[in-house]
Structure formats: structure tokens, C-alpha cells
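Residue numbers (my numbering): 54 to 253.
Here the structure is laid out as C-alpha cells; the discussion comes afterwards.
Laid out in C-alpha cells, this is it:
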């Protein structure tokens, strides 16, 4: 490695450290209420944009290196701002039926252990439902223990993205699927479905 490359790398590290020092000063100088207000008004995308603008004028740093700086800064700001619980999604699938009794949708399922997600604060069932007429119902189903009653969502005529009440999923390996039914034997669909897992 040439002296010039070593010198360039040292300059890049110095600039990263300078940004982090500024962020630490910011954290110490604002109150918790101000931090929360900042968090509500500027999410990670907003922060990324601001950071990009801030370093755009810095010469001698290539785009991949700039991206690394942005990633480190965004991570630091999210920690400072006390952001809301992390949300993860587990896709389930789609399907349709005309039957008026609950039907388990083939392939719309996943096998997992909720404990693998760490400290779980809440779990929700999200589904996009479609019905030309009449009501469409959807819910989660555990192959071993049966349906999750709190997960049921429904919609009348048209498309809608819905979210259930909180669902209690016990630890251990479980196969969770989607069940669907129609109110009046008209075709109904779940266009997409997933679990939303909020962790502490």
C-alpha cells in the first residue's frame, strides 16, 4: 500500500470520527423531549438524506466510502434518538376461496420459533383482503393448537389492508398458516399476508 493510499485512508477515518464526535455533542446538548421530537419528525430515510447532503461536499472520498460513512452516522443517530421498537416481518402468502367455512390456504405458512426474534413486545397479523361482494374473513392458524382467535380480520366488498389485535405466539417451533372464508360463497382473496413482530 502506497503512502498516498495510507494518507487518504487516515483522512477518511478522521472525517468519520469528526462526524461521530459531533453526534455525541448533539446527544449531550439536547433534552429527552427534544430527542423524541426529533425522532418523530425525521426517520432513518430523512436522516440518511441529511447526512448525504452534509458529506456531499467532502472531496477525496469515493461513493462506496461515503455510503459507509452514512451507514455509521445513521446508526449513531438512531441510537441517540431513542427510536421506537424494531419491527420485523415474516411473509406468509396469498390464496383464495369461495367456501363459507374456514379454509387453510395451501403454501401460506411459515415454520419458526418466536424466541429467535429476541425480546418480543408484540405480534400482529397483517393481511390485504379482497372481496367483490359480501364479507371476507382471514385469521392465523397454528397446525398444532388451532386458530388464533385474536388474529381475525374482515372486510366487506373491495380491497383493504388490515391489521389484527395483538397475537400471543408461544415459544418453540411452530407452523403458522393463514385461513380464509367467504360470507356468501362469493370469491374472496388474501392478496398478501405477513406477521409483524415488534421487538424491544
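Note that beta-carbon positions come from the ideal geometry of N, C-alpha and C, so glycine has one too.
Among the candidates the options, whose CA atom is the shortest distance from the CA of residue i?
{"i": "residue 140", "options": "186, 229, 162, 170", "result": "170"}
{"i": "residue 191", "options": "159, 235, 142", "result": "235"}
{"i": "residue 189", "options": "221, 208, 162, 214", "result": "208"}
{"i": "residue 220", "options": "182, 183, 248", "result": "248"}
{"i": "residue 244", "options": "217, 211, 197, 252", "result": "211"}
{"i": "residue 146", "options": "195, 253, 226, 231", "result": "231"}
{"i": "residue 193", "options": "240, 184, 253, 144", "result": "144"}
{"i": "residue 149", "options": "205, 238, 250", "result": "238"}
{"i": "residue 184", "options": "214, 175, 159", "result": "214"}
{"i": "residue 156", "options": "177, 223, 178, 242", "result": "242"}
{"i": "residue 166", "options": "176, 159, 253", "result": "176"}
{"i": "residue 199", "options": "227, 206, 216, 178", "result": "227"}
{"i": "residue 224", "options": "178, 161, 173, 182", "result": "173"}
{"i": "residue 182", "options": "205, 168, 197, 142", "result": "205"}
{"i": "residue 197", "options": "162, 142, 151", "result": "162"}
{"i": "residue 246", "options": "152, 154, 151, 158", "result": "158"}
{"i": "residue 259", "options": "164, 168, 160", "result": "It is not possible to answer for residue 259, since the shown part of the chain is limited to 54 through 253."}
Look up residue i in the DSSP assignment and give the residues it is bridged to.
{"i": "residue 217", "result": "According to DSSP, which records beta bridges pairwise, residue 217 is partnered with nothing at all."}
{"i": "residue 199", "result": "195"}
{"i": "residue 227", "result": "165"}
{"i": "residue 148", "result": "243"}
{"i": "residue 207", "result": "190"}
{"i": "residue 180", "result": "215, 246"}
{"i": "residue 175", "result": "251"}
{"i": "residue 141", "result": "250"}
{"i": "residue 232", "result": "157, 192"}
Could you check how far apart the C-beta atoms of residue i and residue j are, in whole angstroms? I think they sit under 8 Å.
{"i": "residue 34", "j": "residue 218", "result": "Coverage of the chain is limited to positions 54 through 253, which leaves residue 34 absent and any answer about it impossible."}
{"i": "residue 240", "j": "residue 151", "result": "5 Å"}
Report yes if the C-beta distance between residue i and residue j is below 9 Å; otherwise report no.
{"i": "residue 195", "j": "residue 229", "result": "yes"}
{"i": "residue 222", "j": "residue 201", "result": "yes"}
Quick one: is the Cβ of residue i within less than 8 Å of any heavy atom of the ligand MN?
{"i": "residue 169", "result": "As for the ligand MN, it is missing from this structure, which has no ligand bound."}
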